[in-house]
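Novice:
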Amino acid sequence: MGKRGQRKVATAGPSALGGTPTQVLIVDDDLDLCEALGDLLEHEGYRVHAVGQGAEAIQQAKHVMYGAVLLDLRLPDLDGQAVLKALTELDPTLPVIVLTGFPTTENTVRSLVKGAFACLTKPYNPDVVKATLRRAVAVKRLAVKAERVESALSESEERFRSLVESATDAIVVADDKGHIVSWNNAAQSLFAYSADEVIGKPLTMLMPLRYREAHQRGLERVSATGESRVIGKTVELHGLRRDGAEFPLELSLATWKTKGGTFYSGIIRDITERKRAEEALRESQDRFRQLAENIREVFWMTDPQKDRMLYVSPAYEEIWGRATDSLYESPRSWLDAIHTGDRARVLDAALTKQVAGDYDEEYRVVRPDGTIRWIHDRAFPIHDESGTIYRIAGIAEDITERKQAQAALRDAYQKTKTILASLPGAILIVNDQQEVVYANSLAEHYFGSPPPSLVGRSVFDILPLSESRRFTLSANLRSPMSDRAKHLPEGEFEIQKRVYWYRLFPVTLGTGGRRQTGLVIQDITEQKLLQDQLIQAEKLASLGTLVSGMAHEINNPVQGILGMAELILQEHDPVIIREYAQDIVRCAQHTATVVRDFVSYARPASSGGEDDVCLSERLAEAVKMIRLGPDFGHVEVVTEFQAAPPVCARRGEIDQVFLNLISNAVQAMRGSGRLTLATRRLGDTVAVQISDTGGGIPKVHLTRMFDPFFTTKAPGRGTGLGLSLVYKIVTKYGGTISVDSEEGKGTTFTIRFPTGEHHKEEFHEIAQATGGERENGTRSAG
Amino acid sequence: MKLHRQQGVNGRMGRVLLVDDEEHVRKPIRLSLVKAGYEVVEATDGEEAIRTIRAADNPLMVDTIICDIRMPNIDGTEAIAYFRSQFPTVPVVVLTGYPDVDLAVSLMKHGVTDYLVKPVSWEELLIVVQRSVDNHVILKDQFVA
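Quick mapping for you: the protein sequence lines, in order, are chains A and B. Just so it is clear: in the first sequence, position 279 is 279 by my numbering, and no numbers are missing. Position in the second sequence counted from 1, then plus 782, gives you my numbering.
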């Protein structure tokens with residue numbers, strides 16, 4: 001605190017000690033006394049300056065460097081004590097000798113306490129004044145000298161300090177208790193504490209908690225033994241910033257001893273950036289290592305001569321099935337593993353192309369277990385600063401799976417192509433622009449002549465479809481059906497008297513890709529012809545059964561008519577003739593009845609119309625007709641008809657169903673057994689059961705029995721269309737048919753028809769939607 | 783001529799078993815046969831026919847069987863099978879309403895003499911009956927001799 005004042009004095013009057021006379025200030029309002037005293041002192045060699053007032057004295061002392069002051073306590077303006085106080089405050093080293101005319105103990109003590117050099121009493125003894133003044137000036141001189149030394153010291157400290165302050169490293173000085181005594185600017189900016197905040201505080205505030213205990217132990221050890229692990233060394237630690245953030249730092253620690261004790265100085269450098277750079281480098285190295293060691297590819301590096309293997313990643317062991325060590329030992333051993341068929345080519349390429357940077361080879365390696373892997377190997381040269389190649393780096397990749405997948409894909413493509421080309425059906429695939437994007441060879445054959453090819457042409461130019469089918473197809477092209485579409489639209493068209501059948505199918509390209517529409521087309525000209533003929537044959541066959549039944553019923557009475565007529569021709573007795581004629585009339589009437597029944601059964605009902613049909617009645621009529629046939633024998637007929645609502649259908653079709661099923665049942669019983677016909681209401685349906693006690697249907701036939709042309713009858717005895725017709729008719733009316741058969745016990749067919757007008761539409765829709773698809777469970781309740 | 787020669791045997795033309803379930807078929811045939819000099823025995827179905835032939839004093843006395851096919855109880859095919867196995871010498875003429883070739887072939891194989899489909903004229907029937915009765919009479923004579 002005193003330094004500032006001392007410095008001011010030093011700069012104000014250095015000459016005070018340089019041979020120039022010492023200036024003395026006399027403060028007294030007694031002018032006579034001032035003059036006398038001045039004379040006395042000037043005589044002694046002092047330069048004297050006298051003032052009469054306190055304020056003047058204080059003013060004077062501010063400007064002039066006095067060796068001593070003689071002060072009267074009784075002044076006109078100010079209290080002497082106050083002046084004394086002001087003067088000693090201005091310069092504590094300035095000796096002030098108090099002169100007083102009224103010496104009291106109190107005044108003396110107060111003056112001395114306030115810093116007066118001495119107290120003298122008026123009238124003064126000149127010798128005492130002189131001696132006191134001499135002493136005072138000497139003390140002052142000593143004080144000035146001491147000030148000089150101190151000032152020199154202070155300058156050196158100042159230089160050091162400015163050095164410290166301008167240092168970029170934080171410099172912190174602490175005493176042996178670990179309390180901070182010095183704190184430079186860099187420290188301030190590094191730790192974000194100002195000097196005021198840290199001076200006198202423990203160093204531990206600058207370190208994270210985990211260091212504090214070790215720090216304390218270190219301090220104790222140093223003060224106890226003088227040994228330190230860190231003094232004179234550079235260590236890396238972490239610092240704690242004011243905001244609590246840690247940062248890495250480098251610390252150089254020095255210590256020195258003074259009389260005041262041991263001090264420690266630390267030079268602290270923020271190494272965040274350096275750490276970050278180091279970390280980045282290490283991360284980059286780690287990344288490379290992780291990459292090289294974890295990728296499935298083999299990363300390798302050799303010298304340009306291929307004589308030294310500098311690095312090979314561990315994937316080599318997995319792909320080649322050989323240890324990487326073996327490769328370091330003999331750098332060309334990777335070639336030994338290469339399939340003999342590829343080795344020469346690869347070696348040649350490795351030696352010539354790798355340096356050029358266009359080495360890109362696929363080859364096979366044979367692993368020790370004999371398995372073969374496909375490798376894709378690429379390499380490029382690495383140049384040093386002068387531009388010469390000093391390394392070759394490469395990547396070898398196992399592409400066996402890819403090769404296999406490619407081969408499988410190629411196979412599948414070939415297979416698909418072959419299948420499509422050899423299909424007995426024509427295939428067209430059409431995009432949403434109605435353009436053909438694919439046509440197999442049969443399609444080209446059917447519709448593609450004359451060229452150009454079908455691909456790219458509009459499907460409507462190729463296929464002469466009817467209006468409604470054009471509409472269906474173009475609707476499908478615009479929004480192709482889903483893969484799960486149950487009902488695939490189909491249709492027919494004719495080109496040059498040949499009939500073609502087609503069905504649309506969805507084509508999905510890729511996963512979640514666009515949809516296209518495919519058409520599979522078959523030439524059904526012959527098939528259609530044959531089918532027409534067979535259906536005709538089936539009609540004739542069931543007609544034949546009826547006709548033969550009718551023949552029996554008619555031939556018997558005709559036999560009677562003929563016989564009676566012949567007898568009449570030879571008879572003369574009118575009574576007998578009359579009797580015979582009556583017989584003839586009865587026989588003719590019987591014949592007429594049979595014909596009427598037959599015609600009414602066989603005649604198509606009001607053409608095309610659907611009527612309410614009573615199923616029980618139709619069953620009875622059908623059995624009546626079949627009873628006429630040759631196979632009926634002694635079959636017992638049991639009817640279990642319950643009241644059931646009528647079914648809306650074409651009567652002729654229902655008759656066809658019953659005729660087929662009942663005649664099958666009768667035939668199965670070979671002339672004897674029990675035929676049970678039952679109808680009953682089951683919920684919204686009418687169920688019809690036709691049971692026989694015949695031989696039953698073998699299991700293997702159950703699933704096929706509704707297929708067209710499937711028959712177990714001898715050639716010429718059945719067309720195989722009967723049951724398929726039955727199936728078609730039943731499903732057309734939304735009904736279901738199931739069969740339960742046990743070999744040796746008999747067979748029961750159960751048909752269910754929906755009843756009532758309000759169900760009709762719905763069932764028609766279902767019948768259309770299922771499009772003749774058969775549900776196995778319903779077909780063959782086996 | 784044959785007729786004449788055979789007429790001498792036992793003083794009659796021969797005996798015919800007529801099997802048919804319908805009276806209006808049997809009646810004119812019966813009347814015509816009787817008129818032509820044959821003795822006629824009737825049965826309305828296969829069962830009755832078998833009973834009749836077995837109950838006769840001498841089964842060989844039936845010279846021809848005219849048999850319908852479709853009849854209740856035992857039908858024609860069964861009855862014919864019985865006749866052919868038990869009385870193989872007795873000729874069987876089938877008279878049926880069914881023009882069924884398969885059945886005809888099958889029955890011919892079983893040894894029926896003829897397969898006639900109704901309606902047949904008397905003339906046609908008489909020729910068949912005469913021939914089969916004559917054959918049986920000759921056979922019977924040889925057997926008796």
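Even for Gly, the Cβ is constructed at its ideal location relative to N, Cα and C. Everything numeric in this text was worked out from a predicted model, so none of it was measured.
Between A:V96, A:Y311, A:D286, which has its C-alpha nearest V139 (chain A)'s C-alpha?
Specialist: For V139 (chain A), the nearest C-alpha among the options comes from A:V96.
Novice: Please return the same chain residues whose Cβ sits closer than 6 Å to the Cβ of G879 (chain B), not counting the five positions on each side in sequence.
Specialist: K900
Novice: Hey, is G560 (chain A)'s beta-carbon within less than 8 Å of any beta-carbon in chain B?
Specialist: yes
Novice: So which residues on chain A does D857 (chain B) lean against when the C-beta distance must stay under 7 Å?
Specialist: G633
Novice: Against chain B, which members of the segment 552-582 of chain A pass a CB distance test of less than 9 Å?
Specialist: H552, E553, I554, N555, N556, P557, V558, Q559, G560, I561, L562, G563, M564, A565, E566, L567, Q570, Y580
Novice: Specify whether the segment 644-662 of chain A and the segment 606-625 of chain A touch according to this definition: at least 3 beta carbon pairs, one from each stretch, less than 8 Å apart.
Specialist: Segments in contact, yes.
Novice: Pull up the distance between the alpha-carbon of R670 (chain A) and that of S468 (chain A), whole angstroms please.
Specialist: 50 Å
Novice: Which same chain residues end up closer than 8 Å to D655 (chain A) when comparing Cβ atoms and leaving out the 5 residues on each side of it in sequence?
Specialist: Y601, R618, E621, A622
Novice: Chain A partners of Y897 (chain B), CB-CB under 8 Å?
Specialist: The contacting residues do not exist; Y897 (chain B) stays about 13 Å from chain A at best.
Novice: Strictly below 8 Å CB to CB, what residues from chain B border C587 (chain A)?
Specialist: H806
Novice: For the candidate residues A:T685, A:G239, A:D176, whose alpha-carbon lies nearest to that of L251 (chain A)?
Specialist: A:G239
Novice: Closest to N184 (chain A) by C-alpha separation, out of A:E197, A:K177, A:D176, would be which residue?
Specialist: A:E197
Novice: Quick one: which residues of the segment 906-919 of chain B get their C-beta closer than 8 Å to a C-beta of chain A? List them in chain order.
Specialist: none
Novice: Excluding the 5 residues flanking N776 (chain A) on each side, which residues of the same chain have their C-beta closer than 8 Å to its C-beta?
Specialist: For N776 (chain A), the predicted structure reports a pLDDT of 38, less than 50, and the residue's modelled location is therefore unreliable. A value from the coordinates is still provided. Closer than 8 Å at the Cβ level, and outside the excluded window around N776 (chain A), lie T703.
Novice: How should T234 (chain A) be labelled, buried or exposed, when 16 other C-beta atoms within 10 angstroms of its C-beta is the threshold for buried?
Specialist: exposed
Novice: Suppose contacts are defined by Cβ-Cβ distances below 8 Å. Is A195 (chain A) in contact with R242 (chain A) by that definition?
Specialist: no
Novice: Taking the alpha-carbon of D384 (chain A) as reference, which of A:Y328, A:D303, A:A475, A:D360 has the nearest alpha-carbon?
Specialist: A:D303
Novice: Could you tell me which residues DSSP puts in a beta bridge with G746 (chain A)?
Specialist: A:E742
Novice: Determine whether the Cβ of S663 (chain A) lies closer than 8 Å to any Cβ atom of chain B.
Specialist: No, its Cβ sits nowhere closer than 8 Å to a Cβ of chain B.
Novice: Would V366 (chain A) and H339 (chain A) qualify as a contact pair, given that the criterion is a beta-carbon distance under 8 Å?
Specialist: yes
Novice: Where does V872 (chain B) sit, in a helix, a strand or coil, going by DSSP?
Specialist: coil
Novice: Residues in the segment 814-825 of chain B with C-beta within 9 Å of chain A's C-beta atoms, listed in sequence order?
Specialist: S814, K817
Novice: What residues in its chain sit with their C-beta under 6 Å from that of S572 (chain A), if we drop five residues either side in the sequence?
Specialist: In the sequence as presented, Ser is not what sits at residue 572 (chain A); that position holds His. Cβ neighbours of H572 (chain A) beyond the five flanking positions: none.
Novice: In terms of residues, what are the limits of the beta strand (DSSP E) holding E250 (chain A)?
Specialist: 246-258
Novice: Take L661 (chain A) as the anchor and find which of A:T168, A:E494, A:G722 has the nearest alpha-carbon.
Specialist: A:G722
Novice: Please identify the residue among B:L885, B:D850, B:T834, B:E829 whose C-alpha is closest to the C-alpha of V902 (chain B).
Specialist: B:D850
Novice: Alpha carbon to alpha carbon, what distance is there between V613 (chain A) and V641 (chain A)?
Specialist: The amino acid at residue 641 (chain A) is misidentified as Val; the sequence shows Phe. Answer to the nearest angstrom: the Cα atoms are 14 Å apart.
Novice: Please check the pair A254 (chain A) and I231 (chain A), which I expect to be a contact at CB under 8 Å, by giving their CB distance rounded to whole angstroms.
Specialist: 7 Å
Novice: Grab me the residues of Y124 (chain A)'s own chain with a C-beta within less than 7 Å of its C-beta, minus the 5 sequence neighbours each way, in chain order.
Specialist: For Y124 (chain A), same chain residues with a beta-carbon under 7 Å away, outside a window of 5 residues either side, are L99 in chain order.
Novice: Just to confirm the assignment: which complete alpha helix (DSSP H) runs, minimum length 4, are found wholly within the segment 438-524 of chain A?
Specialist: 441-447, 459-462, 467-478
Novice: Which residue spans inside the segment 388-417 of chain A form an unbroken beta strand (DSSP E) run of at least 3?
Specialist: 389-398
Novice: Do T676 (chain A) and F753 (chain A) have their C-beta atoms closer together than 8 Å?
Specialist: For T676 (chain A) and F753 (chain A), no; Cβs fall outside 8 Å.
Novice: Quickly, what does DSSP pair S381 (chain A) with across the bridge? List them, please.
Specialist: Here the sequence assigns Pro to residue 381 (chain A), which means Ser is not the residue at that position. P381 (chain A) pairs with A:I392.
Novice: Enumerate in chain order the residues of its own chain whose CB-to-CB distance from I554 (chain A) is below 8 Å, with the five nearest sequence positions on each side excluded.
Specialist: T591, V594, V595
Novice: Helix, strand or coil: which one does DSSP assign to V783 (chain A)?
Specialist: Because residue 783 (chain A) is not part of the residues shown, which for chain A are 1 to 782, the question remains open.
Novice: Kindly provide the ranges of any alpha helix (DSSP H) runs that are 4 or more residues long and lie completely inside the segment 42-104 of chain A, ordered along the chain.
Specialist: 54-63, 80-90
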